[in-house]
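Residue numbers for the sequence shown follow the numbering used here, so the first one is 6 and each next one is one higher. C-beta: ideal position from N, C-alpha, C; glycine also. Predicted, not measured: the structure shown is a model, and the values here were computed from it.
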Amino acid sequence: VGKQRAMIADGHLLLILHKAPEPGEQTRIGVLFWRQPNGKWEHSGGGVGLQPLLKHLEDYNTAEEALQTGYKQAESAEDYFHLLEAIAPLRLAAKNLHAALQAAREGISDDRDLIDLRDWAYEIDRSLDLLYENTKNALDYQIAQRAEEQNRLTTEAVITGHRLNILAAVFLPLTAIASIFGMNLNNGVDGSSVFTFWLVSIGAVALGSLVRRWVVTGRWF
6 VGKQRAMIAD GHLLLILHKA PEPGEQTRIG VLFWRQPNGK WEHSGGGVGL QPLLKHLEDY
66 NTAEEALQTG YKQAESAEDY FHLLEAIAPL RLAAKNLHAA LQAAREGISD DRDLIDLRDW
126 AYEIDRSLDL LYENTKNALD YQIAQRAEEQ NRLTTEAVIT GHRLNILAAV FLPLTAIASI
186 FGMNLNNGVD GSSVFTFWLV SIGAVALGSL VRRWVVTGRW F
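Here it is as structure tokens:
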């Protein structure tokens, strides 16, 4: 059916429009509205009068209200993403619908009904524009929040790892000395005095402090 448009000749008006697209619908369904010079309307789906054209715009309005409800119920980034996918085709169709009715209004300037229809189409178009922007902003906010939370968790993991490194640096010499003391070797240490034990322990702690300083500052002294 091509794009939505208005064709005017010798007082006749032919509106070539698209039905409001459903979410995920790829093919556009065309409908025709013909206005005769005497103001009588006919519809390609049958029926006469302005009512079929009013119903056509009402379908767009209903679809827009359903998306507004979806926006209020959305909570996650995935919800907002799927909502954007549903808004985009309806938004484009509503924009082209408004452009076609604007062209019809300019071509048949004395028809008050066309003015009202054009204004209604503009309201739907504007509402969808605002809804799209609000949904996109909400999605961006959700993504930023998720990135911030991920950065926070990464920072906490780095800090925790750093603390573990410090603890390991302090206790590694102690555990090494304890392992040596625990070995069943005849090295004379078993018979040493308590002073010797504490001297070795204090030396191990001092060595642990030096290793800790190296882990924290990158320098030994």
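For residue i, three-class secondary structure by DSSP
i    : result
L19  : strand
G35  : strand
D128 : One detail in the question is off: residue 128 reads as Glu in this sequence, not Asp. Helix at E128.
E63  : helix
E47  : strand
A25  : coil
Proximity winner among the options, relative to residue i (alpha-carbon distances)
i    : options                  : result
I34  : A25, R40 and Q41         : A25
Y76  : A91, Y65 and E63         : A91
D134 : A105, K100, Y65 and G50  : K100
D64  : Y85, T159, I129 and T140 : I129
N142 : I21, Y85, A104 and I164  : Y85
L136 : K8, L97 and I164         : L97
L72  : D115, I207 and E27       : E27
D15  : I21, R151 and W39        : W39
P42  : L62, L19 and K8          : L19
Q31  : A211, L37, A93 and S49   : A93
S81  : D145, Q155 and K8        : D145
Exposure of residue i, with buried meaning 16 or more beta-carbon neighbours within 10 Å
i    : result
L190 : Unreliable positioning characterises L190 in this predicted model, as indicated by a pLDDT of 46, which lies under 50. The coordinate reading is nonetheless provided below. Answer is exposed; the Cβ neighbour count stays below 16.
H23  : buried
L169 : exposed
H167 : exposed
T165 : exposed
Proximity of residue i and residue j at Cβ, strictly below 8 Å
i    : j    : result
L119 : A109 : yes
V53  : K45  : yes
L58  : L122 : yes
A68  : L89  : no
I148 : I13  : no
Any chance you could list the alpha helix (DSSP H) runs of at least 4 consecutive residues sitting entirely within the segment 68 to 115, in chain order?
82 to 112
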